Amino acid sequence: MAQNQIAQLISSQGPVSVERFMQMAVEAYYAQGTAFGRSGDFVTAPEISQVFGELIGGWCAVMWTGLGKPATFHLVELGPGRGTLMADLLRAAGHLPGFLQAARLHLVETSRRLRDRQGSALKNFEPSWHAHLDGVPDDAPLILVANEFLDALPIRQFVKQEDGWHERLVAGTPAGDLEFQTAMEPETAPPLAPHVLTAPTGSIAEACPQALKLVDRLGDRFNKNGGAALFIDYGPLESGPGDSLQAVKGHSFAKVLDEPGSTDLTAHVDFAALARRARKAKLKAWEAVPQGVWLQRLGILERTRQLAAQAKGKQRSLLVSGTRRLIDPQEMGTLFKVFALTPLACSIPPGFEVT
Ligand code: SAH
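For the sequence shown, the working numbering begins at 7 and goes up steadily by one.
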């Protein structure tokens, strides 16, 4: 759906929830497939340095070994973008004998254009594509990775008023623009943490039903066939009230309602809410670790030094500046977190700690 079609639809059919609005806008945005890189709207970690995907490949190799090196397992990426992370991951994990032979590669991607990009990046590996994790067969262990996927899942927003939490809506204005409104009636059971429910009047709070459902599905799968999931995304360590919905275009912030479908709409990931849901789904949630710390625990500095020693000139300085960008607390090192889910009985995954 093109940008003005979203505004037209809302104007003609009436207000929709923030969740529905975000779903439409994100789908329209990724359908164009032009989001990434210097000429696009944002740059993601795998596009900054090959080392990012390689270290995640090492993580997957360790998890596969911990599962007992099953002869077949499903290797899944959610939202693979240009396929860069998966290509780097497979190159690194492929050093472990048997890994590539055992891996069935599945890419969960809704954008047709991005599927084409992923197909060329991964042409030696015969991936299958799915619109949803449910399309991946449930008959073998699953190792799943997702970088900057959860932040694109649509969130519900709630506004605290005197009589409770009201769903936040997006409505058309007489001038043909969009504006926020709130539902007339309060929600009877808003899906918010107890300490968020008591936030003062005027607060905004968020929930991501699709991310919580994903945790449930992983619970079913891991408790049946075993597996591990790794999520890298941005958000705080603790749940709290706040409006994190943001739009980015051409590497700058834009207004959330101004150009739906042509800006990148995201929201912070509530890792603590995912961890609470994981406990209900009988999964172990490994406490989110800042990306900079996690990458250093996995040896990013050693790997960078090794590659830099073989590189020259510009390539060498790109490697060094890429690593700095990924781990520096002022850049991506602290805002981004790494979070893992496994069955309850699982030894400590690389980069995580017992809590
Ligand atoms: N992981 C990549 C891309 C991140 S951008 C990287 O790090 O570079 C988000 C990706 O998720 C895009 O590939 C987008 O098309 C995909 N995506 C967004 N919402 C999705 C959904 N609901 N289902 C499947 N894929 C989705």
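Cβ atoms here follow ideal geometry from the backbone N, Cα and C, with glycine treated the same way.
These numbers come from a predicted model, not from an experiment.
Quiz prompt | In DSSP terms, what E83 is bridged to | solution = Position 77 of the sequence shown, counted from the first residue, corresponds to residue 83. E83 is bridged to L113, V151.
Quiz prompt | Buried versus exposed call for P147 [16 or more other C-beta atoms within 10 Å across all chains shown] | solution = Here the question's residue 147 lines up with position 141 in the sequence shown. The residue in question, P147, is buried, as its Cβ has 16 or more Cβ neighbours within 10 Å.
Quiz item: Counting only runs that start and end within the region 190 to 214, where is the beta strand (DSSP E) found for 3 or more residues in a row?
Solution: List check, beta strand (DSSP E) in window: 210 to 213.
Quiz item: Are the region 259 to 279 and the region 235 to 247 in contact at 8 Å, needing three or more beta carbon pairs?
Solution: Cβ pair count under 8 Å is three or more, so yes.
Quiz item: Is the CB of A273 under 7 Å away from at least one CB in chain D?
Solution: Checking the listed chains, one finds no chain D in this structure; it contains a single protein chain.
Quiz item: How long is the line joining the alpha carbons of T204 and D169, rounded to whole angstroms?
Solution: As a first step, residue 204 must be located in the sequence shown, where it is residue number 198. As a first step, residue 169 must be located in the sequence shown, where it is residue number 163. Our two residues, T204 and D169, have alpha carbons roughly 12 Å apart in a direct line.
Self-check item: Those residues which DSSP pairs with F42 across a bridge
Solution: Here the question's residue 42 lines up with position 36 in the sequence shown. F48.
Quiz item: What residues match up with R174 in a beta bridge as DSSP calls it?
Solution: For the purposes of this step, residue 174 is taken as residue 168 along the sequence shown, with counting starting at 1. Beta-bridge annotation (DSSP): R174 is paired with T188.
Quiz item: Closest by CA to I54, which one among G225, R331, P335?
Solution: The residue given as residue 54 occupies position 48 in the sequence shown. Considering only alpha carbons, the answer is R331.
Quiz item: Can the beta-carbon of G178 be found less than 7 Å from the beta-carbon of I16?
Solution: Sequence index remark: in the sequence shown, residue 178 carries index 172 (1-based). Sequence index remark: in the sequence shown, residue 16 carries index 10 (1-based). In this structure, I16 lies closer than 7 Å to G178 by Cβ.
Quiz prompt | Candidates P356, G328, L313, of which the one nearest A294 by Cα | solution = Taking the sequence shown and counting its residues from 1, one reaches residue 294 at position 288. The residue with the shortest Cα to Cα distance from A294 is P356.
Quiz item: Does the beta-carbon distance from F155 to R174 come in below 7 Å?
Solution: Position 149 of the sequence shown, counted from the first residue, corresponds to residue 155. Position 168 of the sequence shown, counted from the first residue, corresponds to residue 174. The answer is no: Cβ separation not under 7 Å.
Self-check item: Inter-residue spacing [alpha-carbon to alpha-carbon] between T194 and G208
Solution: Sequence index remark: in the sequence shown, residue 194 carries index 188 (1-based). Sequence index remark: in the sequence shown, residue 208 carries index 202 (1-based). Between T194 and G208, the C-alpha separation is close to 18 Å.
Quiz item: Does the beta-carbon distance from A287 to D222 come in below 7 Å?
Solution: Walking along the sequence shown from the start, residue 287 turns up at place 281. Walking along the sequence shown from the start, residue 222 turns up at place 216. Cβ distance < 7 Å, so A287 and D222 count as in contact.
Quiz item: Taking all protein chains shown into account, do 16 or more other C-beta atoms lie within 10 angstroms of the C-beta of H101, making it buried, or fewer, making it exposed?
Solution: The residue labelled residue 101 in the question sits at position 95 within the sequence shown. Exposed: under 16 other Cβ atoms inside 10 Å.
Quiz item: Sorry if obvious, but does the Cβ on L139 come closer than 6 Å to a heavy atom of the ligand SAH?
Solution: Start at 1 with the first residue of the sequence shown, and residue 139 comes out as number 133. Checking the Cβ of L139 against the ligand SAH gives no.
Exercise. Answer with buried or exposed for K235, where buried requires no fewer than 16 other C-beta atoms within 10 angstroms of its C-beta.
Key: As a working mapping, residue 235 is identified with position 229 in the sequence shown. For clarity, residue 235 is Ala in the given sequence; the question names Lys instead. It is buried - the Cβ of A235 has at least 16 other Cβ atoms within 10 Å.
Exercise. Go to R162, then tell me how far its alpha helix (DSSP H) extends in each direction, as first and last residue.
Key: Here residue 162 corresponds to residue number 156 of the sequence shown, with the count starting at 1. Per DSSP, R162 belongs to no alpha helix (DSSP H); it is in the beta strand (DSSP E), 162 to 167.
Exercise. Assign T272 to one of three DSSP states: helix, strand, or coil.
Key: Taking the sequence shown and counting its residues from 1, one reaches residue 272 at position 266. T272: strand per DSSP, three-state reduction.
Practice problem: Could you check which residue in Q252, P197, P192, K290 has the C-alpha nearest to that of L224? | Solution: Your numbering for residue 224 matches position 218 in the sequence shown. The shortest C-alpha separation from L224 is found at K290.
Practice problem: Let me know the secondary structure DSSP gives V299 once reduced to three states. | Solution: For the purposes of this step, residue 299 is taken as the residue at position 293 of the sequence shown. Helix at V299.
Practice problem: Give the DSSP bridge partners of G233, in chain order. | Solution: The count along the sequence shown starts at 1 and reaches residue 233 at position 227. Looking at the DSSP assignment, G233 forms a beta bridge with L148.
Quiz prompt | Beta-carbon proximity of W292 to A346, cut-off 7 Å | solution = Taking the sequence shown and counting its residues from 1, the one referred to as residue 292 is at position 286. Taking the sequence shown and counting its residues from 1, the one referred to as residue 346 is at position 340. For the 7 Å CB-CB criterion, W292 and A346 form a contact.
Practice problem: Tell me, to the nearest whole angstrom, how far the beta carbon of R2 is from that of P215; I am working on the premise that it is less than 8 Å. | Solution: Since the first residue shown for the chain is 7 and the last is 361, residue 2 is missing from the structure and cannot be characterised.
Quiz item: Hey, would you say the C-beta of S117 is under 6 Å away from at least one heavy atom of the ligand SAH?
Solution: Reading the sequence shown from its first residue, position 111 is the one you call residue 117. Here the distance from the Cβ of S117 to the nearest heavy atom of the ligand SAH is below 6 Å.
Quiz item: How is S134 classed by DSSP in three states: helix, strand or coil?
Solution: Within the sequence shown, the letter at position 128 stands for residue 134. Strand at S134.
Exercise. Compute the beta-carbon to beta-carbon distance between V202 and P247, rounded to the nearest angstrom, for a pair I have assumed lies under 8 Å.
Key: Along the sequence shown, one-based indexing puts residue 202 at 196. Along the sequence shown, one-based indexing puts residue 247 at 241. The C-beta distance from V202 to P247 rounds to 6 Å, short enough to fall under 8 Å.
Self-check item: Contact set for G46: own chain, Cβ-Cβ below 7 Å, skip 5 residues either direction
Solution: Counting from 1 along the sequence shown, the entry for residue 46 is found at position 40. Closer than 7 Å at Cβ, skipping near neighbours: T40.
Self-check item: Beta-carbon proximity check, Q124 vs G89, cutoff 7 Å
Solution: Residue mapping note: residue 124 aligns to position 118 of the sequence shown, counting from 1. Residue mapping note: residue 89 aligns to position 83 of the sequence shown, counting from 1. Their beta carbons are under 7 Å apart, which means Q124 touches G89 by this criterion.
Self-check item: Own chain partners of P133 with C-beta closer than 6 Å, once the 5 adjacent residues on each side are dropped
Solution: By 1-based counting over the sequence shown, the position of residue 133 is 127. Here the set comprises L111, L113.
Quiz item: What is the residue span of the beta strand (DSSP E) that L102 lies within?
Solution: Here residue 102 refers to the residue found at position 96 when the sequence shown is read from its first residue. For L102, no beta strand (DSSP E) encloses it, and the DSSP letter there is neither H nor E.
Quiz item: Do you know how far the Cα of A158 is from the Cα of K230?
Solution: Start at 1 with the first residue of the sequence shown, and residue 230 comes out as number 224. Start at 1 with the first residue of the sequence shown, and residue 158 comes out as number 152. Straight across, the Cα-Cα distance linking K230 with A158 is about 28 Å.
Quiz prompt | Run of the beta strand (DSSP E) containing L128, from where it starts to where it stops | solution = For the purposes of this step, residue 128 is identified with residue 122 of the sequence shown, where counting begins at 1. No beta strand (DSSP E) holds L128; DSSP gives it neither H nor E.
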